[in-house]
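The structure appears right after this line, and notes come after that.
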Amino acid sequence: MRLLIHDTFATATYTVPISSSWVTPPGDITVELATRLTAESIDPRDIALVPPSALLRLHSTHDVAAGVAVIAAGVSAIAMRTPVRPDEIERTPVRLLDPTGGAELLARATLQPFYGITPTSWSHDG
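Residue numbers (the working numbering): 2 to 127.
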């Protein structure tokens, strides 16, 4: 069995002891730490600790253990770059540069209602 853990500051409580060899997983479990863990990289036979934004894509192949979570509070930087002021843009393609799931959700939730920008397409780099 393979356990995938999204290796972030929030999951460091779990990842540091494993990566430092302070603890050894049981012999039948292979633990893999991933800095970019996407729904597409998770096999239906895997167990994974993923960001909430990945759950929608995993719903058809995995059960969600709602009682297991890693919660972190704090500030995270997300930036929007535009060639002109955002209020001067009506419609445009949107390019996300190496986004986290949370950053993409935030962009999709705020771009039109808050900034008045209608995306004509979405693309990902990274």
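By construction, the Cβ of each residue, glycine as well, lies at the ideal position given by its N, Cα and C atoms.
*Own chain residues within Cβ distance below 8 Å of S122, not counting five before or after*: By one-based count along the sequence shown, residue 122 stands at place 121. Result list for S122: P94 and V95, in chain order.
*Start and end of the beta strand (DSSP E) containing A13?*
Indexing the sequence shown from 1 puts residue 13 at position 12. Segment A13 to S20 is the alpha helix (DSSP H) holding A13; no beta strand (DSSP E) there.
_Environment of A55 [buried if 16+ CB atoms lie within 10 Å]_ = As a first step, residue 55 must be located in the sequence shown, where it is residue number 54. The residue is buried, with at least 16 neighbouring Cβ atoms inside 10 Å.
_Segment contact flag, the stretch 57-67 with the stretch 14-31, C-beta cutoff 8 Å, min 3 pairs_ = no
*Roughly how many angstroms separate the alpha carbons of P26 and D47, rounded to a whole number?*
Residue 26 sits at position 25 when you count from the first residue of the sequence shown. Residue 47 sits at position 46 when you count from the first residue of the sequence shown. Between P26 and D47, the C-alpha separation is close to 15 Å.
*Would you call the CB atoms of I43 and V32 closer than 9 Å?*
Numbered from 1 along the sequence shown, position 42 holds the residue referred to as residue 43. Numbered from 1 along the sequence shown, position 31 holds the residue referred to as residue 32. Not closer than 9 Å, so no.
_Let me make sure I understand the geometry here. Which of F10, M81 and P87 has the alpha-carbon closest to that of P100?_
Taking the first residue of the sequence shown as position 1, residue 100 is located at position 99. Nearest C-alpha to P100: M81.
*Which class does D88 belong to by DSSP, given the choice of helix, strand or coil?*
The count along the sequence shown starts at 1 and reaches residue 88 at position 87. It is helical.
*asked:* I need the straight-line Cα distance from Y1 to R109, nearest angstrom please.
replied: No statement about residue 1 is possible, as the shown extent of the chain runs from 2 to 127 and does not include it.
*Straight-line Cα distance separating L4 from L34*: For the purposes of this step, residue 34 is taken as residue 33 along the sequence shown, with counting starting at 1. For the purposes of this step, residue 4 is taken as residue 3 along the sequence shown, with counting starting at 1. Distance between the alpha carbons of L34 and L4: 9 Å.
*Hey, could you find the ends of the alpha helix (DSSP H) R82 is sitting in?*
Locating residue 82 in the sequence shown gives position 81, where the first residue counts as 1. Per DSSP, R82 belongs to no alpha helix (DSSP H) and is neither H nor E.
*Taking the beta strand (DSSP E) that E33 falls in, what are its first and last residues?*
As a first step, residue 33 is located in the sequence shown; it is residue number 32 there, counting from the start. Here the beta strand (DSSP E) through E33 covers T31 to A35.
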